[in-house]
Structures are given as C-alpha cells and as structure tokens.
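**Q**
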Amino acid sequence: MFTGIVEELGEVVGITPTAQDSATVAVRGPLVTSDARHGDSIAVNGVCLTVVEVDGGVFTADVMGETLRRTALGTLRAGDAVNLERAAALNSRLGGHLVQGHVDGVGEVISREPADRWETVRFRLPAALSKYVVEKGSITVDGVSLTVAEVGADWFSVGLIPTTLSLTTLGARTVGDPVNLETDVLAKYVERLLAAKEVTA
14 MFTGIVEELG EVVGITPTAQ DSATVAVRGP LVTSDARHGD SIAVNGVCLT VVEVDGGVFT
74 ADVMGETLRR TALGTLRAGD AVNLERAAAL NSRLGGHLVQ GHVDGVGEVI SREPADRWET
134 VRFRLPAALS KYVVEKGSIT VDGVSLTVAE VGADWFSVGL IPTTLSLTTL GARTVGDPVN
194 LETDVLAKYV ERLLAAKEVT A
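Every letter in the sequence shown is one number past the one before it in the working numbering, and letter 28, counting from 1, is 41.
1) Do we get a CB-CB distance below 8 Å when we pair Asp93 with the residues of chain B?
2) Using 8 Å for Cβ pairs, my map puts Thr63 next to Ala56. What's the rounded Cβ distance?
3) Taking the alpha-carbon of Gly189 as reference, which of Val119, Ala94, Val40 has the nearest alpha-carbon?
4) Three or more C-beta pairs under 8 Å: does that hold for the stretch 102 to 118 against the stretch 174 to 190?
5) Which residues mark the beginning and the end of the alpha helix (DSSP H) in which Leu97 is found?
6) Which word fits Thr46, buried or exposed, when buried means at least 16 other C-beta atoms lie within 10 angstroms of its C-beta?
7) Residues in the same chain with beta-carbon distance under 6 Å from Leu159, minus the five sequence neighbours each way, listed in chain order, please.
8) For the putative contact between Leu97 and Val154, defined by C-beta atoms under 8 Å, what is the C-beta separation to the nearest angstrom?
9) Could you check what DSSP says for Gly23 in three-state terms: helix, strand or coil?
10) Between which two residues does the beta strand (DSSP E) harbouring Ser54 extend?
11) Would the beta-carbon of Phe72 fall within 8 Å of that of Gly42?
Next comes the structure, spelled out in structure tokens:
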C-alpha cells in the first residue's frame, strides 16, 4: 500500500527483455534503496514492483508482460525519469490517499494551462473508469496523489502546484504522453458492495 506522495525522482538505468514479453527493469533511486531489501515493494510511476536486487543505489525488478501491456511502463526507456515511492509504513502519516499500486488504465495528457504559480492539466481516461472519478475526489496519476478539479465523460483535470511540477514527472509531461491511472479504491469497493446487495435483494 502507498500514499501517492512521491519520495524522489528516479532514473531508469536499463530495461532488459526476458522470456514471454516480460522484462527486468533497473532504476536508480538513492533514497528509496537506502533501506530496500529483496522482496520489498516500490512504486514506479504508480506501479507496485517487487525489489529483486539492490546494488549501489540501483534496484532491479521483474515486470510481467501483462504489466508492460496494461500500464505505461512499456514505454519507458533508459534515461527516463520516474516517480518513486516506498510502501507506506503503518506508523507513518497518510499524506495523500490509499494507493494500491494497481493501475486501472492508461490515460493521456490532452492539455496544459499554465497560471502564475500552478498549472491546470487535463487528462483523457478510459470511459469505463469515469464512473470512479468525482470532483474533489482522489486519483493517482503516475503514482502522484491528486485531487480532481473537473471531470467529464472521458477526461478529468487537476491543478498542479509548484512542488508537484518540480518534484515529479508530471512537470515534464507533454500533450500526448501516456500516464498510469489508479482510481480511488473505495469507489470500487462501494460499487462491488452495491452490486451484491442488488443481487440478494
């Protein structure tokens, strides 16, 4: 479980294809590897990956073919910056919201509107996910916990403050770039419970 509060900007060192369309990814992140061990979870652009090895500030993780196809990790190249977050500790503050690291779909940047100290950024999202997105609700974009400003049938917008613009990859995303989206898990649980109630009624 994560909070969507990015701890550092890491860098993809390399991606090595393996059998059956899977790959091993190596990521440099001195902070998140400072106490990382084999088997720990680190979110990379919002995707929960399991640490295989740590060596000199670089960790490696295996990525299944399904993950490469269903998230934007499949578009990463060596040298790309990535948002990194270690799994939340039970005694830590919940600064963002509950994030699983399980991507629901891939969105796309469709516009950016700079203001004096922030930017309004609009993202396209798969229409099937729009029912889970509400104004003033939470959404995770490339692992960053954000508050939804507006929402449409297949889009939503957020306001990015200077800290988010400078300390995450969202400051450099351009129109057309793909992003990983995870909707609020609470909305999905409520939907499931209501559906079960209708069946038994």
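Note that the Cβ used here is the ideal one computed from N, Cα and C, for glycine as well. Source: prediction; values computed, not measured.
**A** Quick look at the numbers:
1) The structure shown contains no chain B; it is built from a single protein chain.
2) Working through the sequence shown from its first residue, we reach residue 63 at position 50. Working through the sequence shown from its first residue, we reach residue 56 at position 43. Wrong, their Cβ atoms sit about 11 Å apart, outside the cutoff.
3) Taking the first residue of the sequence shown as 1, we reach residue 189 at position 176. Of the listed residues, the one whose Cα sits closest to Gly189 is Val119.
4) Counting Cβ pairs under 8 Å, fewer than three are found: no touch.
5) For this step, residue 97 is matched to residue 84 along the sequence shown. Note, Leu97: premise wrong, no alpha helix (DSSP H); beta strand (DSSP E) at 94 to 99.
6) To locate residue 46, count along the sequence shown from 1; it is residue 33. Answer is buried; the Cβ neighbour count reaches 16.
7) Here residue 159 is taken as the residue at index 146 of the sequence shown, counted from 1. Excluding the 5 residues flanking it on each side, Leu159 has same chain C-beta neighbours closer than 6 Å at Ile152, Val171, in chain order.
8) As a working mapping, residue 97 is identified with position 84 in the sequence shown. As a working mapping, residue 154 is identified with position 141 in the sequence shown. Actually they do not touch by this definition, with Cβ atoms about 15 Å apart.
9) Counting from 1 along the sequence shown, the entry for residue 23 is found at position 10. DSSP, reduced to helix, strand and coil, places Gly23 within a strand of the structure shown.
10) Along the sequence shown, read from residue 1 onward, the residue named residue 54 stands at position 41. DSSP places Ser54 in the uninterrupted beta strand (DSSP E) bounded by 54 to 57.
11) Residue numbering aside, residue 72 sits at position 59 when the sequence shown is read from its first letter. Residue numbering aside, residue 42 sits at position 29 when the sequence shown is read from its first letter. Yes, Cβ-Cβ distance for Phe72 and Gly42 is below 8 Å.
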